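Numbering (this note's numbering), first residue to last: 526 to 1005.
Glycine included, every Cβ here is placed at the ideal spot set by N, Cα and C.
Nothing here was measured: the structure is a model prediction, and the numbers come from that model.
Here is the structure we will look at, set down as structure tokens.
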Ligand code: ATR
């Protein structure tokens, strides 16, 4: 079940939140502590105003809520709200047996017994969940993972407590896999937010339902993902998930924040993952865990795609293909013979190798010239400083921008600001947020042909999809 946490301050605002998200959710949580005082007193009317089952919660400040009432006042408010037909009521673990509990039981309202830990994962989490469940309630543990090891621990605990009705939530960015794979983690529901601007760790109900199809995950669902740090901004889920859906392939693709690649591989085994994408800063770090790599990975020294093979993980690189795909015709026709590559970082490695492998002449320009020199030596090409960019005006067919300069939110920066395009060049920026960088704007003004980072991202993703599934990427345009 996907449960929408209502954040409105009035009952009517909460109803509109439900209305806007109705097709994505199975139930809603009314947070009494978010309501204005006069609205709190009318809370009992709420369940009859909507067709979704509602959880009643009045969260104390120390548990992350807004309620500062005395315990007696808080109980009185919950009791009066329980006159309404709520489906569940949330009662904190440490609250002793009381009139709220009695009234809920008498009315057949299910009890969710919750505890919160904003600093980490309590050592006794296992026994606490077990004890709560023994009382016949639904145990809810909202804890805070701080590493991929913590995420693995939470999945393991969930597995061990498989038979117990529970909700395990990993708060913050690290906990996102538990929110999306809540069914695999054995939770009866996952909490979602409304709207697009969500707090860290929270995912919108729309994304959980339509993008991830989190409520459809079953034992047979193949799990794929992307590892990186940071990784939550990635558009790759928008490529793979709609692709899986379109070809009726039972699989899910989600982001994993990672701090330790070795532990992630343990998690990947644990979840029986079938493959994953790799982004910054792990494209080199994964190499030592792979049993097999392709020639490209060996040459480039970086891997962005890992797939499960019998008894081992295999590493591939689809970045180089994704980069080439939009300009391949121009290389083959001879329109592109001579190029400038701006930057000498991880992304440039694959790009310079791809161009050289296709016989294109390359000059690498970089702020730190020793890095440009090193890359040029490996790939048998030329190098120079960024300041000398104007030397190459009118002499190259293709200019590729591979640095992070111009990346969101740095809209107004261009690493070769003084360079004059003649209009004959093909300008290619691998940044995809924003789509139109300052570098590309300058090139457009001069009348150049443009290529966008989005094209590279999509092309590398399509090839990755084939490696993951064995099927061609379907005919659809991902909303990235
Ligand atoms: P990636 O793996 O994304 O390529 P990287 O290895 O850190 O990341 O490389 C970033 C590239 O952007 C490098 O070429 C870097 O230049 P240096 O080698 O001199 O560091 C370039 N870069 C980053 N910030 C820059 C800036 N403000 N001006 C010019 N180049 C910059």
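According to the neighbour-count rule (16 or more other Cβ atoms, all chains shown, within 10 Å of its Cβ), is residue i buried or exposed?
i, result
"residue 784", "exposed"
"residue 683", "buried"
"residue 981", "buried"
"residue 534", "exposed"
"residue 1004", "exposed"
"residue 936", "exposed"
"residue 835", "exposed"
"residue 905", "exposed"
"residue 517", "In this structure the chain extends from 526 to 1005, so residue 517 is not present and cannot be described."
"residue 791", "exposed"
"residue 778", "buried"
"residue 848", "buried"
"residue 660", "exposed"
"residue 913", "exposed"
"residue 554", "buried"
"residue 842", "buried"
"residue 874", "buried"
"residue 817", "exposed"
For the putative contact between residue i and residue j, defined by C-beta atoms under 8 Å, what is the C-beta separation to the nearest angstrom?
i, j, result
"residue 529", "residue 717", "6 Å"
"residue 745", "residue 527", "At roughly 20 Å, the Cβ-Cβ gap does not stay under 8 Å, so residue 745 and residue 527 are not in contact."
"residue 485", "residue 889", "Beyond the ends of the chain as shown, which are 526 and 1005, falls residue 485; an answer cannot be given."
"residue 691", "residue 665", "7 Å"
"residue 930", "residue 939", "7 Å"
"residue 643", "residue 669", "6 Å"
"residue 607", "residue 709", "About 33 Å; that fails the 8 Å criterion."
"residue 705", "residue 658", "Not confirmed; about 23 Å, so no contact."
Pick helix, strand or coil for residue i, following the three-state DSSP scheme.
i, result
"residue 817", "strand"
"residue 833", "strand"
"residue 855", "helix"
"residue 546", "helix"
"residue 895", "helix"
"residue 571", "helix"
"residue 695", "strand"
"residue 602", "helix"
"residue 722", "Note that residue 722 scores a pLDDT of 39, beneath 50, so its modelled location is shaky and nothing firm can be said."
"residue 678", "helix"
"residue 743", "coil"
"residue 790", "helix"
"residue 663", "strand"
"residue 989", "helix"
"residue 710", "coil"
"residue 983", "helix"
"residue 904", "coil"
"residue 632", "helix"
"residue 765", "helix"
"residue 828", "coil"
"residue 505", "Residue numbering for the chain in the displayed model covers 526 to 1005; residue 505 lies beyond these limits and cannot be assessed."
"residue 615", "strand"
"residue 954", "strand"
"residue 800", "strand"
"residue 978", "helix"
"residue 938", "coil"
"residue 576", "coil"
Start and end of the beta strand (DSSP E) containing residue i?
i, result
"residue 753", "747 to 753"
"residue 1003", "Careful: residue 1003 lies outside any beta strand (DSSP E) and carries neither H nor E."
"residue 639", "635 to 641"
"residue 775", "Run containing residue 775: none; DSSP gives neither H nor E here."
"residue 946", "Per DSSP, residue 946 belongs to no beta strand (DSSP E) and is neither H nor E."
"residue 704", "Run containing residue 704: none in the beta strand (DSSP E); it sits in the alpha helix (DSSP H), 701 to 705."
"residue 563", "Segment 562 to 565 is the alpha helix (DSSP H) holding residue 563; no beta strand (DSSP E) there."
I'd like the span of the alpha helix (DSSP H) that includes residue i, first residue to last.
i, result
"residue 529", "Not the alpha helix (DSSP H): residue 529 falls in the beta strand (DSSP E), residues 527 to 530."
"residue 654", "650 to 659"
"residue 877", "871 to 882"
"residue 964", "963 to 970"
"residue 844", "844 to 849"
Sorted by chain position, which residues of the same chain lie with C-beta nearer than 8 Å to residue i's C-beta, five sequence neighbours on each side aside?
i, result
"residue 915", "943, 944 and 945"
"residue 885", "856, 861, 862, 863, 864 and 923"
"residue 968", "924, 946, 950, 952 and 975"
"residue 851", "953, 976, 980, 981 and 984"
Can you name, in chain order, every residue of its own chain whose Cβ lies under 6 Å from the Cβ of residue i, other than the five neighbours on each side?
i, result
"residue 756", "780 and 782"
"residue 832", "800, 839 and 992"
"residue 815", "838 and 840"
"residue 789", "673, 752 and 783"
"residue 774", "994"
"residue 590", "558 and 584"
"residue 617", "639"
Once the 5 residues before and after residue i are set aside, which same chain residues still bring their CB inside 7 Å of it?
i, result
"residue 960", "977 and 979"
"residue 702", "676, 779 and 781"
"residue 771", "999 and 1001"
"residue 901", "889, 907 and 908"
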